[in-house]
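Going by our numbering, the sequence shown opens with residue -15, and the numbers climb by one from there.
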Amino acid sequence: TLSVAPTKGWGYGVSVLPEIALAFLLSSLMAYAAKLYLALKNTQAGQEVLIAERTRSIVASQDKLQATLDAIPDLILELDLEGVCHSYHASPTDTPFPPKELMIGKDVRAVLPQAAATTILAALQQALEMGYAKNIEFLAPTTVGPQWFEMAVSRKYGSTPEQQRFIVLVRNVNLRKQT
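Spelled out as structure tokens, the structure:
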């Protein structure tokens, strides 16, 4: 007679059930790990694209700000409360003010005459107290002789009190003073 029963009997299938369950569990874990790996790769690719876009945006903003600074005919200084020059930006046209090499890292008292330095330090103090100081004039030596300058000072926000900085716009007003 023909029989469809397993040769070892029907009880043998029950004994392989834990092995089948273990194989199913392992294959499910491997599939889940593969899914997580692909999701991680997609996230990394998305982050790289986002970083590249933000970098382009930052560079474009910096270029725009640099063009704006270059269009300003005034000299722009960044000074601390002690009068030390930390940044110097002059428009592409020549300015008769003391050059960048003489100013960066130096105290205005070491570069300018005492009267001009005292006026600048007083303007910095006023800007510290009021947030700004403007229409302050001083006489300074230049490569073409003494010249009159007018400045406006603004406290740079975001600076710590110990390292307070100021933005100083300096404009040559010598022609106006002579008339």
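Ideal Cβ positions, reconstructed from N, Cα and C, are used throughout, including at glycine. Keep in mind the model is a prediction, meaning the values are calculated, not measured.
Residue i burial status per 10 Å Cβ neighbour count (16 or more: buried)
i, result
"TYR72", "buried"
"ALA100", "buried"
"ILE35", "exposed"
"ALA7", "exposed"
"ALA107", "buried"
"THR103", "buried"
"ASP58", "buried"
Where the beta strand (DSSP E) containing residue i begins and where it ends
i, result
"ALA136", "131 to 139"
"LEU123", "116 to 124"
"ILE42", "Counting along the chain, ILE42 falls outside any beta strand (DSSP E), though it belongs to the alpha helix (DSSP H) covering 1 to 55."
"VAL154", "149 to 156"
Range of the contiguous alpha helix (DSSP H) that encloses residue i
i, result
"PHE81", "Here PHE81 belongs to no alpha helix (DSSP H), and DSSP marks it neither H nor E."
Cross-strand partners of residue i (DSSP beta bridge)
i, result
"SER71", "GLU62"
"ILE88", "CYS69"
Contact set for residue i: own chain, Cβ-Cβ below 6 Å, skip 5 residues either direction
i, result
"GLU134", "GLU121, ARG155 and VAL157"
"VAL68", "ASP91"
"TYR21", "none"
"LYS161", "TRP132"
Close beta carbons around residue i, own chain, < 7 Å, minus the five adjacent residues each side
i, result
"VAL128", "PRO80"
"VAL95", "PRO82, LEU86 and MET87"
"VAL0", "none"
C-beta atoms of residue i and residue j nearer than 9 Å
i, j, result
"GLN148", "ASP91", "no"
"ILE56", "LEU153", "yes"
"LEU61", "PRO97", "no"
Beta-carbon contacts of residue i that lie in its chain and below 8 Å, excluding the five residues immediately before and after
i, result
"ALA111", "ALA117, VAL137, SER138, ARG139 and PHE150"
"GLN50", "none"
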